[in-house]
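Protein chains in written order, with the UniProt record's numbering: chain A, 1 to 1119; chain B, 1 to 177.
Note that the Cβ used here is the ideal one computed from N, Cα and C, for glycine as well.
To start, the structure under review is shown below, and the notes come after it.
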Amino acid sequence: MGMFFNACLCKRHCYVPDRRWHAISRKLILIVCCLLLGPLARAQQVSLHVNNEGLKEVFRQLRQQTGFDFLYENEMLKEAKPVSLAVTNQPLKQVLDQCFRDQPLTFEVLEHSVVVKRKQAPAAPQLTTVSGTVTDAKGQPLPGVTITSKVSKTGTTSLSNGQYTIRLRANNDTLLFSFVSYITQAVPVNNRSEISIAMQEQVMGLNDVVVVGYGQQKRITTIGAQSTIRAEELKQPVANLTDVIAGRVAGVIGVQRSGQPGYDNAEIYIRGISTFTNSKPLVLVDGIERDFANVDPEDIASFSILKDASATAVYGVRGANGVILIQTKTGKVGRPRINMQYDQGITQFTSIPKFADGVTYMQMANEAYRNSNPDDPLPKYSAERIALTANGKDPDLYPNVDWFKTLFNKYGQNRRARVNASGGSDNAQYYLSIGYYDENGMYKTDQLANYNSAIKYTRYNFTANLNLQLSKTTKVDFGAAGWISNGNFPGSSVDQIWGSAYLLPPILIPPVYSNGLHSQIRTGDINNPYNLLTQSGYVSEFRSQLWSNIRLTQDLGSWLKGLSVTGMFSFDNYNAHTISRTKTVDGYLARGRDSAGKLLLDQTSIGSNFLGYSRSNGGTRQFYTEAAINYNNTFGKHNVTGMLLYNQSDKEDAFAGDFISSIPYRYMGLSGRLTYAYDNRYLAEANFGYNGSETFAPDHRFGFFPSVGAGWVASEEPFFKPLGNAIQFLKLRVSYGLVGNSNIGGRRFAYISTVGGGNGGYSYGRNGADNNIGDGLDIGDYAVAVTWEKAKKTNVGVEIKTLRDALSLVVDVFNENRTGIFRQRGDVPLYEGIRTLPYANLGEIHNRGVGATLELNKRIGKDLIIGLRGNFTWNRAFVINDANAPWPYPWQQRIGRKLGQRFGYTALGLFQSDKEIANSPYQTGTNRPGDIKYKDLNSDGKIDTYDQGPIGYGSIPEIVYGFGPTINWKGWSLAGWFKGISNVDIQLNGDGLQPFSQGGERGNLLSQITDRWTPDGAHPHPLYPRLTYGNDNMNYANSSWWVKNGAFLRLQTLQFSYNLAGKQWLNNMGISNLNLYFIGYNLWTISGFKLWDVELGDGRGSQYPLVKTYNLGARLTLK
Amino acid sequence: MNKNLIYRSILLFVMVSCSVACKKYLDQVPDDRITIEEVFHKKATSEQYLANVYSYVDDESNQWDGWPWLGNSDEGDITWSKYTIYNLNIGNISAGNNLFEKWGYYYNGIRSAGYFIAHIDENEEIRSLNGQQLIDQYKAEARFLRAYYYFLLMRQYGPVVLVSDTLTPPDAPAADM
């Protein structure tokens, strides 16, 4: 649009045709005039009296008085506001200032005229960038801090190294830093481009929340005993989450008995075992009972363990064994953040047992044979044979095989990859994550086989969490997660393969004959381990799990402040599908060579060349519904919360084999909680659960489980303030309550009697006639009024923070009386003739213990931060009633002793002379010097089962502890974690450990066999007593000789990482944070037990050992 | 406000309907299996029960772990330590190490025979098909078996406990048994 240049020389609008020429010429004239008459203009005095007049009129009056021309555009004046002014004899400029004060126009006074201009539009917003680092009071970087700007209304969050970058439109903006449990800070920008602050933690974490049963509570007012494990600590390079948690917090006792990929669940007990039946804790993922072994630790936001009655009473009949609560991550408001991670490494066994080589085997066999058969002049294995085996020239006929070496490679490998994205707006937040884990085990494979028998495990995880804010008061949370795993294993199971290595001596057959045929000895149940591993086909397992849940929360604050109602529904589905394609292989045994040197072979077993096929399926599905009302309000110093919740669950086995297992497992219940806190100082809490399960008899179906607790935060008291420098926080709490256990094992529907097959059928008749009644019938099980186990729990706890919040200590002491344990009655005499002993709720166990957690964080200098965490748990359970008949002698009584106590003979040492044997109580079999001497407890002159008393501790540890330092220096970080157990032992028994059993031809030997008693006393404290060929005496009976101390300390995690952030080249690639790390798992173990991996437990070490890994990886965050 | 009302009533409805379905939800008793009363109402099942009573008669040729006589004799030297008679051979039998445990085994048979004798009279089907004579015959067979089991017990153990004709219920306290 053209511009109309209007000169106020004439009162009417003039249209100037040649605008440009006129404009330029006009300006030239003006400039000349200005230069000549400039001073004149400024000195002009005017008077103006106008009231709501347009600028046009103002200009007219001023022109009249001054003679100045006013140059303006008509358009501009349309935007102008009317002027009201009364001034007398003021300089022109001043008057014009007042006219133009609130106008969107401005003016410029020239020699003889005034030019009216539009005010410059505010300059295009200058985007300035402010960045910096957010740390906490100790200097540790704080990720996730929300930074918003007041004026520019932009926002961002800080990264994992605490750094942030925010764009502002004005330099006089203010930045707001806010984060949960920290004091929000407002920092004016003041033209700075770098603002780093340290956030102060809110005193006592007043608003810090912890996850509790069915909700959240403020940390300061919780009364229940609970611990949390940081999500960072769970991120280990292992597939199974259960292996990582034992020893990380006080109260969790756990041992891992196998390292086999896909089958390496650890046994987890919260505060030890208190029952004869099932001691597994209840595990809830996002509020629903799920199995957590395969949850990807990257997706975990919080991991809590609830231990005492106050925390678990709301779970009623499911809570007696403790509860583990896992929450998965949700999205946060902000731009999308993408994290990626990849690492790869090698794996090794922590330790494997060593077998004796062929020469040692034969020498020991000769010695044992001579010991047992002193009259036989010939040795078992001739010197010639030993020499031929030693020189190894003919491995087909004189083999010398270390069976473990034929089975395992030294190294395997594993790797992980993960991607997750999260973000959201005020109305919707999301979190999406995908993970991948892959592990190759260490089994060898046969390259020539046309199938894959390697041991390999792959798993894919995914998690999607969506939070929608449908309105100010309505919220919907949806989560869908799951995993798929694929395992490939050889056709024989781990037990078979390992067991066969323990059974087969090293000198009988080579793994494979030199002409390619497979070897097999004649004894039917002793197999060639190499055949079992590589020639028996393969098994492929596919498992998948889907978890889904949707929750609706409605805030009813408009009715009653603090009231809200919520409902949830969840569906879980698990499927397992196994395909076994197995075969056996033709086996041969060499009996010599012919004149040409070719092997002469006998066929010892007939196999097949083709793989068979068999399939098995399993699966479960679970529906869970929950509805709750929550109330949370504060009146002055009083804070009251309440909760009432109803839930029910239905779980079905989709592939049940019989009618009883096909009936769904159901559970329903009502629970509630009421808490009261006065001034965050005096705390009280009451919980109850009222629920039932279909396991119980109809009259005993529902149970009521209440609990109460009280607490006192002493450090909030006025009288405590002077001590505030020494102790910053002191809290005492106590709780008492009743919880139940419905996972009682035994027979399902025990309140109905059954009819069973009895002792079998009977066939009768004279020769030639076959009258057969194939199946017998008899009473199977008798009906019993089955009900749940009850546990009365008491807990006293103390929490202290000192050294200016650098040191924190939590100690809990607990006691539990569990009654009504469902046991098969052992006190029914045999002459009653009852076939299957009835069950009854008669068992009783008392458990008590102590748990403590210590945490230390110290900042040294500007860059160095040192942290130390440690925890310790001890518990001991006593059997009060085990529904068994009393034992004849007091040392045999199980009642009053530790649960899990071992019983056996007490070994006094080895016999030193024949005279000593003659003077000692009678022991069965042939006893000579070097055999084990036992203690005669009842002094009846003979050693029999009446002399078996308590020995050792038991296979579940009483003491579990862990500790670990973390050191941060600038971008470098080093973290370690040690885990240890104590008061535990290992019972050695089994073929392979016991040499030359069953007549001598059977069983391999451990290399420790040379540590045995010899007449010359070369081994003063041997592992083995006098060697015998066959077990013709009591040396291998269950005794304290074979119980070894199983305590160990293990470096479970070592992590060394370097953090790159804020570098320019990273920013150019779009990466805001890069972390390179090395992580090692199970690197180092100290233990007195050297035979095999000490955590495997009782037996002969024939389980797949635990795995050590060394991984290198990188983690990066994209902006 | 309207939305609040809707959500609240949905939740209430869910909760109420669940508490109404309370009893039924957990009530899933498997009640279509055979019971011991039914066994004695039909002929075929009663005969199966009797066959079960007969089945406690063992095969005396099982020398390894069935009968102790070979291990006790002087004619054989047993070297295979896997089998129970080996322990007899080396003298490893005691009050605590109970080998060839037939005590409970025969008493199971005695109890089953006693139960049969007490309940076979209820069987109307046999009575209508074969008459009272078959019931009497079966009863007599059961009585013989019970006496035979006592004989076998006495042969192995010596003095035995005679169990009364009325059977003690299985959930009686231990003192009553």
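Item                                                                                                                            : Value
Selection of the segment 61 to 79 of chain B by Cβ proximity to chain A, strictly under 7 Å                                     : Thr79
Cβ neighbour criterion (16 or more within 10 Å) applied to glutamate 38/B                                                       : exposed
Leucine 55/A beta carbon less than 7 Å from that of alanine 80/A                                                                : yes
Contacting residues, own chain, Cβ-Cβ under 6 Å from alanine 791/A (five flanking each side not counted)                        : Ala320, Val739, Glu816, Arg818
Residues of its chain near arginine 192/A, where Cβ-Cβ distance is below 8 Å and the 5 sequence neighbours each way are ignored : Val130
Contact between the segment 1078 to 1086 of chain A and the segment 1031 to 1041 of chain A (3+ Cβ pairs under 8 Å)             : no
Cutoff 7 Å: leucine 777/A Cβ touching any chain B Cβ                                                                            : yes
Between the CA atoms of glycine 689/A and valine 53/B - distance to the nearest angstrom                                        : 49 Å
Contacts of glutamate 879/A in chain B (Cβ-Cβ under 8 Å)                                                                        : The sequence given here places valine at residue 879/A; glutamate does not occur at that position. Those do not exist, as valine 879/A stays about 17 Å from chain B at its closest Cβ, beyond 8 Å.
Neighbour flag for glutamate 844/A against chain B, beta carbons, 7 Å                                                           : no
Selected residue, minimal CA-CA separation from serine 427/A, among Met340/A, Asn465/A, Val333/A, Val512/A                      : In the sequence under discussion, the amino acid at residue 427/A is asparagine, which differs from the serine named in the question. Comparing Cα-Cα distances from asparagine 427/A to each of Met340/A, Asn465/A, Val333/A, Val512/A, the minimum goes to Val333/A.
Residue burial classification, arginine 766/A (beta-carbon count within 10 angstroms, cutoff 16)                                : exposed
Nonlocal neighbours in the same chain, by C-beta distance under 7 Å from glutamine 912/A, ignoring five residues either side    : Pro929
CB of glycine 331/A within 7 Å of CB of glutamine 429/A, strictly                                                               : yes
Glutamate 57/A versus Ser84/A, Pro1105/A, Gln45/A, residue with shortest Cα-Cα distance                                         : Ser84/A
N- and C-terminal bounds of the beta strand (DSSP E) containing threonine 360/A                                                 : Looking at the DSSP string, threonine 360/A is not in any beta strand (DSSP E); the run it does join, the alpha helix (DSSP H), is 358 to 372.
Where alanine 311/A falls, given that 16 or more other Cβ within 10 Å makes a residue buried                                    : buried
Residue environment, arginine 337/A, which counts as buried when at least 16 other CB atoms sit within 10 Å                     : buried
Whole beta strand (DSSP E) elements within the segment 910 to 993 of chain A, 3-residue minimum                                 : 932 to 934, 949 to 951, 959 to 969, 972 to 982, 985 to 987
Proximity winner among Ser492/A, Tyr782/A, Gln469/A, relative to phenylalanine 478/A (alpha-carbon distances)                   : Gln469/A
Residue nearest to phenylalanine 571/A in terms of C-alpha spacing, selected from His577/A, Tyr588/A, Ile550/A, Lys561/A        : Ile550/A
Lysine 82/B: contacting residues in chain A (beta-carbon distance under 8 Å)                                                    : Gln998
Minimum Cβ-Cβ distance from proline 838/A to chain B less than 7 Å                                                              : yes
Cutoff 7 Å: asparagine 1004/A Cβ touching any chain B Cβ                                                                        : no
Residue range of the alpha helix (DSSP H) that includes phenylalanine 116/B                                                     : 103 to 119
Meets three-Cβ-pair contact criterion under 8 Å: the segment 937 to 956 of chain A and the segment 892 to 910 of chain A        : yes
Proximal residues of chain B, C-beta to C-beta of residue 1171/A below 7 Å                                                      : This structure cannot settle anything about residue 1171/A, because the visible part of chain A is limited to 1 through 1119.
Proximity of glutamate 1095/A and valine 255/A at Cβ, strictly below 7 Å                                                        : yes
Straight-line Cα distance separating valine 210/A from arginine 1115/A                                                          : 28 Å
Buried or exposed (CB count within 10 angstroms, at least 16 for buried), isoleucine 895/A                                      : exposed
Leucine 1118/A, DSSP secondary structure in three states                                                                        : strand
Option in Ile1071/A, Gly758/A, Gln1052/A, Met1069/A with minimal Cα separation from lysine 1108/A                               : Gln1052/A
Where threonine 1053/A meets chain B, residues with beta-carbon distance less than 7 Å                                          : Ordered by position in chain B, no residue passes the 7 Å Cβ test against threonine 1053/A, which lies about 45 Å from the chain.
Contact under 7 Å by Cβ, alanine 368/A with leucine 1005/A                                                                      : no
Where valine 784/A sits in the DSSP three-state scheme                                                                          : coil
Interface residues of the segment 1013 to 1040 of chain A facing chain B [CB-CB below 9 Å]                                      : Gly1030, Asn1031, Asp1032, Asn1033, Met1034
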